[in-house]
Amino acid sequence: MKFVRNQWYVAALAEEVGDGLLERTVLGESIVLYRTLDGAVTGLANRCVHRRFPLSEGRLDSAGNLVCGYHGFTYDPAGTCVAVPAQQRIPRSARVPTYPVVERDRFIWVWIGDGKLADPARIPSLPFLDDPGWAVLRGMAGVKCRYDLLIDNLMDLSHETYLHSEWIGTPEVAETPTTTTTDEDACIVWVSRHMENVPCPPSYIPSMAAKGFSGKIDRWQDIEYHAPGLYLLNSRIAPPGRPPAADGEDSHAAHKKIVYAVTPSTAGTTYDFWCVARDHEVGDVEADTRGMKSQAAVLGQDVDALNLLEATLAGEPSGYQELSVNIDTGALAARRMLARLAEAGERVPQG
Amino acid sequence: MKFVRNQWYVAALAEEVGDGLLERTVLGESIVLYRTLDGAVTGLANRCVHRRFPLSEGRLDSAGNLVCGYHGFTYDPAGTCVAVPAQQRIPRSARVPTYPVVERDRFIWVWIGDGKLADPARIPSLPFLDDPGWAVLRGMAGVKCRYDLLIDNLMDLSHETYLHSEWIGTPEVAETPTTTTTDEDACIVWVSRHMENVPCPPSYIPSMAAKGFSGKIDRWQDIEYHAPGLYLLNSRIAPPGRPPAADGEDSHAAHKKIVYAVTPSTAGTTYDFWCVARDHEVGDVEADTRGMKSQAAVLGQDVDALNLLEATLAGEPSGYQELSVNIDTGALAARRMLARLAEAGERVPQG
Amino acid sequence: MKFVRNQWYVAALAEEVGDGLLERTVLGESIVLYRTLDGAVTGLANRCVHRRFPLSEGRLDSAGNLVCGYHGFTYDPAGTCVAVPAQQRIPRSARVPTYPVVERDRFIWVWIGDGKLADPARIPSLPFLDDPGWAVLRGMAGVKCRYDLLIDNLMDLSHETYLHSEWIGTPEVAETPTTTTTDEDACIVWVSRHMENVPCPPSYIPSMAAKGFSGKIDRWQDIEYHAPGLYLLNSRIAPPGRPPAADGEDSHAAHKKIVYAVTPSTAGTTYDFWCVARDHEVGDVEADTRGMKSQAAVLGQDVDALNLLEATLAGEPSGYQELSVNIDTGALAARRMLARLAEAGERVPQG
Numbered sequence: 001m002k003f004v005r006n007q008w009y010v011a012a013l014a015e016e017v018g019d020g021l022l023e024r025t026v027l028g029e030s031i032v033l034y035r036t037l038d039g040a041v042t043g044l045a046n047r048c049v050h051r052r053f054p055l056s057e058g059r060l061d062s063a064g065n066l067v068c069g070y071h072g073f074t075y076d077p078a079g080t081c082v083a084v085p086a087q088q089r090i091p092r093s094a095r096v097p098t099y100p101v102v103e104r105d106r107f108i109w110v111w112i113g114d115g116k117l118a119d120p121a122r123i124p125s126l127p128f129l130d131d132p133g134w135a136v137l138r139g140m141a142g143v144k145c146r147y148d149l150l151i152d153n154l155m156d157l158s159h160e161t162y163l164h165s166e167w168i169g170t171p172e173v174a175e176t177p178t179t180t181t182t183d184e185d186a187c188i189v190w191v192s193r194h195m196e197n198v199p200c201p202p203s204y205i206p207s208m209a210a211k212g213f214s215g216k217i218d219r220w221q222d223i224e225y226h227a228p229g230l231y232l233l234n235s236r237i238a239p240p241g242r243p244p245a246a247d248g249e250d251s252h253a254a255h256k257k258i259v260y261a262v263t264p265s266t267a268g269t270t271y272d273f274w275c276v277a278r279d280h281e282v283g284d285v286e287a288d289t290r291g292m293k294s295q296a297a298v299l300g301q302d303v304d305a306l307n308l309l310e311a312t313l314a315g316e317p318s319g320y321q322e323l324s325v326n327i328d329t330g331a332l333a334a335r336r337m338l339a340r341l342a343e344a345g346e347r348v349p350q351g
Numbered sequence: 001m002k003f004v005r006n007q008w009y010v011a012a013l014a015e016e017v018g019d020g021l022l023e024r025t026v027l028g029e030s031i032v033l034y035r036t037l038d039g040a041v042t043g044l045a046n047r048c049v050h051r052r053f054p055l056s057e058g059r060l061d062s063a064g065n066l067v068c069g070y071h072g073f074t075y076d077p078a079g080t081c082v083a084v085p086a087q088q089r090i091p092r093s094a095r096v097p098t099y100p101v102v103e104r105d106r107f108i109w110v111w112i113g114d115g116k117l118a119d120p121a122r123i124p125s126l127p128f129l130d131d132p133g134w135a136v137l138r139g140m141a142g143v144k145c146r147y148d149l150l151i152d153n154l155m156d157l158s159h160e161t162y163l164h165s166e167w168i169g170t171p172e173v174a175e176t177p178t179t180t181t182t183d184e185d186a187c188i189v190w191v192s193r194h195m196e197n198v199p200c201p202p203s204y205i206p207s208m209a210a211k212g213f214s215g216k217i218d219r220w221q222d223i224e225y226h227a228p229g230l231y232l233l234n235s236r237i238a239p240p241g242r243p244p245a246a247d248g249e250d251s252h253a254a255h256k257k258i259v260y261a262v263t264p265s266t267a268g269t270t271y272d273f274w275c276v277a278r279d280h281e282v283g284d285v286e287a288d289t290r291g292m293k294s295q296a297a298v299l300g301q302d303v304d305a306l307n308l309l310e311a312t313l314a315g316e317p318s319g320y321q322e323l324s325v326n327i328d329t330g331a332l333a334a335r336r337m338l339a340r341l342a343e344a345g346e347r348v349p350q351g
Numbered sequence: 001m002k003f004v005r006n007q008w009y010v011a012a013l014a015e016e017v018g019d020g021l022l023e024r025t026v027l028g029e030s031i032v033l034y035r036t037l038d039g040a041v042t043g044l045a046n047r048c049v050h051r052r053f054p055l056s057e058g059r060l061d062s063a064g065n066l067v068c069g070y071h072g073f074t075y076d077p078a079g080t081c082v083a084v085p086a087q088q089r090i091p092r093s094a095r096v097p098t099y100p101v102v103e104r105d106r107f108i109w110v111w112i113g114d115g116k117l118a119d120p121a122r123i124p125s126l127p128f129l130d131d132p133g134w135a136v137l138r139g140m141a142g143v144k145c146r147y148d149l150l151i152d153n154l155m156d157l158s159h160e161t162y163l164h165s166e167w168i169g170t171p172e173v174a175e176t177p178t179t180t181t182t183d184e185d186a187c188i189v190w191v192s193r194h195m196e197n198v199p200c201p202p203s204y205i206p207s208m209a210a211k212g213f214s215g216k217i218d219r220w221q222d223i224e225y226h227a228p229g230l231y232l233l234n235s236r237i238a239p240p241g242r243p244p245a246a247d248g249e250d251s252h253a254a255h256k257k258i259v260y261a262v263t264p265s266t267a268g269t270t271y272d273f274w275c276v277a278r279d280h281e282v283g284d285v286e287a288d289t290r291g292m293k294s295q296a297a298v299l300g301q302d303v304d305a306l307n308l309l310e311a312t313l314a315g316e317p318s319g320y321q322e323l324s325v326n327i328d329t330g331a332l333a334a335r336r337m338l339a340r341l342a343e344a345g346e347r348v349p350q351g
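Residue numbers (our numbering), protein chains in the order written: chain G, 1 to 351; chain B, 1 to 351; chain C, 1 to 351.
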């Protein structure tokens with residue numbers, strides 16, 4: 001799958017950009033991220049104009065300028081070179097490109113493509129990631145696979161049954177059909193799987209207990225995928241036969257919002273930023289620990305599988321014809337959307 | 001050297017295929033090997049029809065079917081998909097190729113090529129490998145070299161003098177000329193070196209003692225190479241001047257039959273399956289231990305040399321003209337035979 | 001940058017060639033170096049004529065001949081094969097190329113190119129490297145970069161300020177302009193930076209104390225680069241305002257002569273042979289220890305930076321336009337000289 005340019009991508013968790021310099025390669029472009037003196041995040045092309053040394057190896061001076069670590073070429077946050085060793089005159093062309101950057105919902109988003117098209121209103125809104133009413137775990141994993149394999153993985157959760165059976169997979173996940181809807185203009189794919197009166201997977205039993213119930217559950221998985229890179233899984237578990245009220249009231253259920261921001265790095269590597277937000281056991285450190293343990297295990301299984309799949313595909317002839325079935329409907333819709341966006345270089349309308 | 005297709009190759013030692021799944025890549029084809037409920041070994045193409053995940057990462061279910069570890073596509077031993085998640089209908093094309101497999105003489109042989117041509121009678125017979133009258137050591141080493149370098153190595157044992165002098169090499173090995181015979185129809189090359197009244201190499205002294213003699217020996221090395229991949233070295237040591245009787249009686253000599261099954265894996269990697277069978281000290285654990293130690297050392301020296309040679313050749317321009325001498329006669333005959341088989345795609349007549 | 005052939009290159013420190021065999025790859029050519037019975041260093045192409053096994057894996061016999069470790073082909077120091085296993089007749093073509101080798105100033109120089117053009121008088125003279133009046137530290141570092149990146153690094157010492165500030169870099173190095181002179185016929189580039197009344201960098205304070213002064217210094221850096229591979233930095237520190245006398249007398253100053261012999265190995269790897277000679281604290285073990293510590297640190301910083309730069313450039317599209325400023329004058333002169341020598345295959349006149 002080609003890269004999709006002229007898009008916002010998550011390049012970092014907000015807390016990853018601290019006092020120093022952070023390098024991220026997004027769609028093959030190496031970017032150095034740092035905070036200016038006022039705390040705003042800046043993104044510059046990570047290549048000194050002089051000898052192409054990575055600027056991320058340099059340091060910030062007391063004026064908030066970025067000093068190259070090899071020969072000291074110094075850049076302001078607009079990318080303009082403001083100092084060159086041993087001479088006063090600074091060549092007019094001494095300038096590194098900047099990237100549009102937005103810090104929102106504790107993600108750092110960068111725009112890859114034509115900066116004039118960068119409209120922050122197109123960034124998917126994820127307010128629960130910075131809301132005290134939600135407990136949020138977060139992290140990032142590097143995956144050694146082309147990004148569309150990770151999208152495939154996320155769009156078809158039937159793999160939970162086989163890859164994650166000790167944590168979140170039960171036979172019913174693979175057995176239950178899904179419904180898929182798309183909005184081609186807004187570039188969104190929804191995939192829903194509603195399981196009724198099914199066993200609770202091991203990782204969700206404590207959530208259930210926290211809400212005061214036990215035994216079988218209704219379990220809903222509602223995916224909302226914003227192409228190219230933002231994936232949101234709305235997970236709901238509740239006692240059987242108790243859907244949300246007509247007015248939406250659903251306080252008897254336990255909800256999780258699981259975000260994956262899938263950012264292509266190189267042709268064969270991908271950043272997998274993740275957040276798991278829950279509306280129960282907020283402030284409960286033990287629940288955080290349990291959640292981290294489960295998420296680390298599940299993520300590790302996905303990363304291992306995807307690394308292996310990439311290595312397998314990379315060693316095979318191209319042109320192989322996959323076989324797709326009903327469970328792939330959502331992933332195929334996502335692929336078609338990505339192909340359309342990539343090939344046309346089309347703008348994604350405001351979502 | 002090109003791969004030779006339409007041939008049987010050793011893919012595993014029988015004991016390597018136990019309760020689980022074993023992956024082997026033979027002539028570039030990834031195969032998953034396992035035992036069905038009746039104990040027979042099955043070989044399937046190691047690629048799920050759905051998303052190409054390696055089936056060797058899956059598991060066997062209680063019916064003896066193979067379940068993909070990613071999304072649960074399930075295959076019977078004939079390669080037919082018998083279950084797909086979340087739907088009853090199974091696409092007719094959901095089928096993975098099978099490989100002809102024969103378990104014989106404690107080797108697992110697979111046929112690479114057109115399955116209709118697979119005739120088990122063409123597998124070289126090695127009954128001593130499963131005969132209580134012989135003590136057999138066995139194992140497998142992966143070598144990071146193109147397969148023909150390993151064939152070269154085995155066909156010219158003069159290298160024992162230089163590479164294996166502490167174990168099986170004496171000056172006389174390199175000094176003694178060989179005779180080479182071929183049967184182009186049966187695809188066999190024989191190379192013989194008969195050394196008379198020569199010192200015994202260190203690894204063979206205990207065998208000599210077990211037969212009740214000491215001092216100098218007659219030492220015969222009779223190679224029988226079945227192209228493309230089966231190599232048998234008949235080793236005979238005896239007191240000087242006591243050849244086998246006219247009726248073949250030779251109980252005063254110590255015999256070893258040393259088998260190497262050379263199986264190309266990828267262009268630059270090769271499986272080296274080996275067996276060392278002896279007709280003396282059968283059931284003697286100490287002799288087994290000594291034999292393993294010697295074989296491990298010799299094999300390690302060969303693997304190190306071949307890994308280095310492959311890395312050297314891979315970094316060099318092609319078209320280099322080697323210089324060949326008398327000792328290379330057998331190896332050159334083998335190369336010609338391999339080139340003929342590879343280029344013509346010719347069937348090897350029953351051997 | 002292309003390789004420059006028909007040149008002398010340092011292939012080893014003299015002490016690296018001891019009783020055994022030493023492999024070095026120079027301009028992509030693998031060479032085995034060893035001492036013959038009379039102690040002279042010989043260089044042979046590291047490839048047996050038989051099966052191309054690296055001769056450096058073999059051994060020297062009691063006659064001083066080199067025996068291949070695989071099948072025993074044996075070569076005299078002129079590269080002529082003198083023994084082949086199992087036959088008396090030695091093919092006339094059994095001969096490996098030799099390399100002109102000169103041991104001088106405790107370096108082993110080899111000539112890469114047409115041996116008929118190899119004139120030892122063209123080797124730059126470095127007598128202080130083998131002079132009891134100088135204390136000399138020496139070593140070799142392998143760098144994973146194309147060789148011209150190391151030349152760039154050495155020709156522009158303004159990087160000391162940024163990369164080596166804890167050891168030898170002060171702000172004044174980057175601030176002080178340089179003068180560059182070239183002799184295109186002799187293939188020499190001189191770059192001089194004379195800093196007056198400046199702070200002494202940490203690594204040089206003990207030298208200053210040894211000469212009985214403290215506080216600010218005059219610090220001179222006079223580079224003499226002999227293309228393609230020999231770099232000499234004459235470092236002088238002295239009390240401010242006390243230049244050498246008209247007759248050259250300069251015993252109040254501390255001098256270092258820092259040699260880097262830059263030898264291309266492969267397209268992306270380079271040998272960095274180094275010597276640090278000083279005319280003070282000669283025979284002082286503690287000064288040796290201090291010197292090694294500083295040099296190891298500085299060299300490690302350079303190696304890390306160059307490895308990173310090479311990896312960065314190797315992953316980028318070609319055709320990128322660097323921006324050069326005044327500090328690059330010397331490096332650009334060196335690059336032009338190298339390009340001229342490489343492209344014309346021109347002989348370097350006696351230097």
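Glycine included, each C-beta is placed from N, C-alpha and C at the ideal position.
Legend entry - With 16 other Cβ atoms within 10 Å as the buried cut-off, status of Lys-256 of chain C: buried
Inset, instruction - Starting from His-255 of chain B, follow the beta strand (DSSP E) in both directions and report where the run begins and ends. - result: 254 to 266
Inset, instruction - Consider the Cβ of Asp-358 of chain G: report whether some Cβ of chain B lies at a distance smaller than 9 Å. - result: Residue 358 of chain G is absent from the model: chain G starts at 1 and stops at 351.
Legend entry - Nearest-angstrom Cβ-Cβ length linking Leu-157 of chain G and Asp-272 of chain G, presumed shorter than 8 Å: Not a contact, Cβ separation roughly 16 Å.
Legend entry - DSSP state of Ser-235 of chain B mapped onto helix, strand, coil: strand
Inset, instruction - Give the residues from the segment 74 to 107 of chain G that approach chain C closer than 9 Å (Cβ to any Cβ), ordered along the chain. - result: Cys-81, Val-84, Pro-85, Ala-86, Gln-87, Arg-89, Ile-90, Pro-91, Ser-93, Ala-94
Legend entry - Candidates G:Leu-313, G:Trp-220, G:Met-155, of which the one nearest Gly-353 of chain G by Cα: Here chain G has residues from 1 to 351 only, and residue 353 of chain G is not among them.
Legend entry - Of the residues B:Ala-245, B:Val-198, B:Tyr-225, B:Tyr-147, the one placed nearest Glu-184 of chain B, counting alpha carbons only: B:Tyr-225
Inset, instruction - Please report the Cβ distance between Val-26 of chain B and Ala-14 of chain B, rounded to the nearest whole angstrom; I am assuming they are in contact, meaning their Cβ atoms lie under 8 Å. - result: Going by Cβ atoms, the distance from Val-26 of chain B to Ala-14 of chain B rounds to 16 Å, so no, they are not a contact pair.
Legend entry - Distance CB(Val-17 of chain B)-CB(Ile-112 of chain B) smaller than 9 Å: In this structure, Val-17 of chain B keeps its C-beta atom at 9 Å or more from the C-beta atom of Ile-112 of chain B.
Inset, instruction - Could you work out which residues of chain B lie near Arg-24 of chain C, taking near to mean beta carbons separated by less than 7 Å? - result: Going along chain B, no residue has its Cβ under 7 Å from Arg-24 of chain C, so there is no contact; the nearest lies around 15 Å.
Inset, instruction - Identify every residue that forms a DSSP beta bridge with Ala-141 of chain B. - result: B:Asp-272
Inset, instruction - Please decide whether Val-325 of chain C counts as near chain G, where near means a Cβ-Cβ distance under 9 Å. - result: yes
Legend entry - Cβ shell of Trp-190 of chain C (< 6 Å), same chain only, five flanking positions each side left out: Thr-181, Glu-224
Legend entry - Burial state of Gly-283 of chain C (16 or more Cβ within 10 Å): exposed
Inset, instruction - Determine the closest residue to Pro-127 of chain G out of G:Leu-299, G:Gly-115, G:Ala-277, G:Pro-171, with distance taken between C-alpha atoms. - result: G:Ala-277
Legend entry - Three-state class that DSSP yields for Arg-336 of chain B in the structure shown: Three-state DSSP puts Arg-336 of chain B in a helix.
Inset, instruction - Go through its chain and collect everything with a Cβ distance to Thr-161 of chain C's Cβ below 7 Å, but skip five positions before and after it. - result: Gly-169, Thr-170, Pro-171, Val-173, Ala-174
Inset, instruction - Name, in chain order, the residues that DSSP records as bridge partners for Gln-87 of chain G. - result: Partner(s): G:Val-84.
Inset, instruction - Note down the Cα distance separating Pro-349 of chain C from Val-84 of chain C, rounded to an integer number of angstroms. - result: The predicted position of Pro-349 of chain C is uncertain, since its pLDDT is 42 and thus under 50; a value taken from the coordinates is nonetheless stated next. Cα atoms of Pro-349 of chain C and Val-84 of chain C: separation of roughly 43 Å, rounded to the nearest angstrom.
Legend entry - CB contact below 9 Å: Ser-30 of chain G versus chain B: no
Inset, instruction - Specify whether the segment 206 to 214 of chain C and the segment 241 to 256 of chain C touch according to this definition: at least 3 beta carbon pairs, one from each stretch, less than 8 Å apart. - result: yes
Legend entry - Residue closest to Ala-135 of chain B, alpha-carbon to alpha-carbon, out of B:Gln-301, B:Gly-291, B:Ala-311, B:Leu-309: If we check each option's Cα against that of Ala-135 of chain B, B:Gly-291 comes out closest.
Inset, instruction - For Val-285 of chain B, go through chain G and note every residue whose CB falls closer than 7 Å to its CB, in chain order. - result: In chain order: nothing, as chain G lies at least about 40 Å away.
Legend entry - Beta-carbon proximity of Pro-264 of chain C to Tyr-147 of chain C, cut-off 9 Å: yes
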